[in-house]
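A short worksheet on the structure shown next.
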Amino acid sequence: MTKTLVKIVYLNLILILWTPMIVSPETVYPFVISKAFYSRILIELAVALWLSLAILDPRYRPRRSKILFAIAIYFTLAVLATIVGVNPYFSFWSDLERMNGLWDLSHWLMLIVVLVSVLQVERQWKNILCWNLVVALLVSIVGLFQVWNISIIPMFIPAEVVTDCRTYSTLGNASYLAAMLMINIFVALGLLSWATPSSRVTSSKKFVGPGAKRLNHGHVTTSLWFNGLCIATVILGTVCLLYTGTRASIFALILVVIGLLITMILFRDINRYKSLAISLSALLGFMAFA
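Just so we're aligned: the sequence shown equals residues 4 to 293 in our numbering.
Structural data, given as structure tokens:
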């Protein structure tokens, strides 16, 4: 029963990652409403399944975490701001155009709790991040086809997505797309630096609490498709980021790359992270000439 619940929750988490690809042409705000409903329904389902899992098996209950504690403080401050704000009703529910507010924030807090409770070993996080890169790569491809005035998914993407202005892919906002791509570019670079051809880890064992059983999960060897996914995400994501025309994200990407290279030189980590250094240098060179 426990293994089945874990697999269902894990599948649910993967489905949540596909939120950026959800577009509903029949709604007033096709890029916002569909994503909000889709993600919230799946998050609520994941939380319900996780609660059952946590009751059955104490290993899947949240553990002490400084990061989780900091996020909880942030959420508490958001609750206080909602209560003492000018319009508490609007602060809580938001509107159809934005679909955020405290209600939306509470869903993402619950999702974080589920993530840190269910994903307990490195391999699981790596797989989730890989699925995230797959979605980011597809969003980048849709954005590049948008630049060329081609709709590759006409059934799911409305005609107004195809435009000759700044690309915004399936997010409906060039700034949102740029922020998403910038984060995923660094995620891809991080995974690429972690994955070396000689790294072979057969198992990973981790204690998850006093009296709990030891979890044993096998690691898959780094494969060609994994490296290809990371490289494709960096290349296509960077090109699509440039077409968003969002200068803040573009400059931020350049400054962070320069900062990382300087840090690696100062701490003499160039040889240790040779693949990352080469990738960052190539990315910086491409951005400079672009």
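Glycine residues also receive a C-beta, built at the ideal position from the N, C-alpha and C atoms.
Query raised in the report: Does DSSP classify Tyr92 as helix, strand or coil?
Result: helix
Query raised in the report: Helix, strand or coil for Lys38 per DSSP?
Result: helix
Query - Ile186 to Leu71 span [Cα, whole Å] - result: 20 Å
Report task. Measure the CB-CB distance between Leu195 and Ser282 and report whether it falls below 8 Å. Result -> yes
**Report entry** Rounded Cβ spacing between Trp53 and Val117 (contact assumed at less than 8 Å)
**Finding:** 5 Å
**Report entry** Cα-Cα separation, Leu83 to His110
**Finding:** Leu83 and His110 have their alpha carbons spaced roughly 17 Å apart.
Query raised in the report: Around the C-beta of Thr266, are 16 or more other C-beta atoms found within 10 angstroms, so that it is buried, or is it exposed?
Result: The residue is exposed, with fewer than 16 neighbouring Cβ atoms inside 10 Å.
Query raised in the report: Quick one: what's got a C-beta closer than 7 Å to Ala182's C-beta in the same chain, skipping five residues either side?
Result: These residues qualify, in order along the chain: Ser252.
Report task. Could you round the C-beta distance between Thr173 and Pro23 to whole angstroms and report it? I think they count as a contact, below 8 Å. Result -> 6 Å
Report task. Find the nearest neighbour of Ser226 within the set Cys133, Tyr171 and Tyr276, judged by alpha-carbon distance. Result -> The shortest Cα separation from Ser226 among Cys133, Tyr171 and Tyr276 belongs to Cys133.
Requested in this report: Please state whether DSSP places Ala291 in a helix, a strand or coil.
Outcome: helix
Report task. Would you list, in sequence order, the uninterrupted beta strand (DSSP E) runs of no fewer than 3 residues that lie entirely inside the segment 15–63? Result -> Scanning the segment 15–63 for uninterrupted beta strand (DSSP E) segments of 3 residues or longer gives nothing; none is fully contained.
Requested in this report: Please work out which residues of its chain come closer than 7 Å, Cβ to Cβ, to Phe159, disregarding the five sequence neighbours upstream and downstream, and give them in chain order.
Outcome: Note that Phe159 has pLDDT 49, beneath the 50 cutoff, so the model's placement of it is unreliable and no number is given.
Query - Alpha-carbon spacing of Asp98 relative to Leu20, whole angstroms - result: 23 Å
Query raised in the report: Arg126: which of Arg43, Phe229, Phe148 and Tyr179 sits nearest, CA to CA?
Result: Checking every option, the nearest Cα to that of Arg126 belongs to Phe229.
Query raised in the report: Starting from Asp98 and walking both ways along the alpha helix (DSSP H), at which residues does that stretch end?
Result: Asp98 -> no alpha helix (DSSP H), and no H or E assigned at all.
Query raised in the report: Shortest alpha-carbon distance to Phe189 belongs to which of Leu14, Thr7 and Val260?
Result: Looking from the CA of Phe189, the closest CA among Leu14, Thr7 and Val260 belongs to Val260.
Report task. Please confirm whether Gly146 and Tyr32 have their CB atoms less than 8 Å apart. Result -> no
Requested in this report: Look up Cys168 in the DSSP assignment and say whether it is helix, strand or coil.
Outcome: Cys168 falls in the coil class under three-state DSSP.
Query raised in the report: Do you know offhand how far Val87's Cα is from Tyr77's?
Result: 16 Å
**Report entry** 6 Å Cβ shell around Met102 - same chain, five flanking residues per side excluded
**Finding:** Val35 and Ala39
Query - Cα-Cα separation, Ala107 to Ile131 - result: As written in the sequence, residue 107 is Asp, which differs from the Ala given in the question. Spanning the two alpha carbons is a distance of roughly 22 Å.
Query raised in the report: Hey, Thr239 and Leu112: beta-carbon distance below 8 Å or not?
Result: Checking the sequence, you will find Leu at residue 239 rather than Thr. Result no, Cβ atoms of Leu239 and Leu112 do not sit closer than 8 Å.
**Report entry** DSSP state of Val237 mapped onto helix, strand, coil
**Finding:** helix
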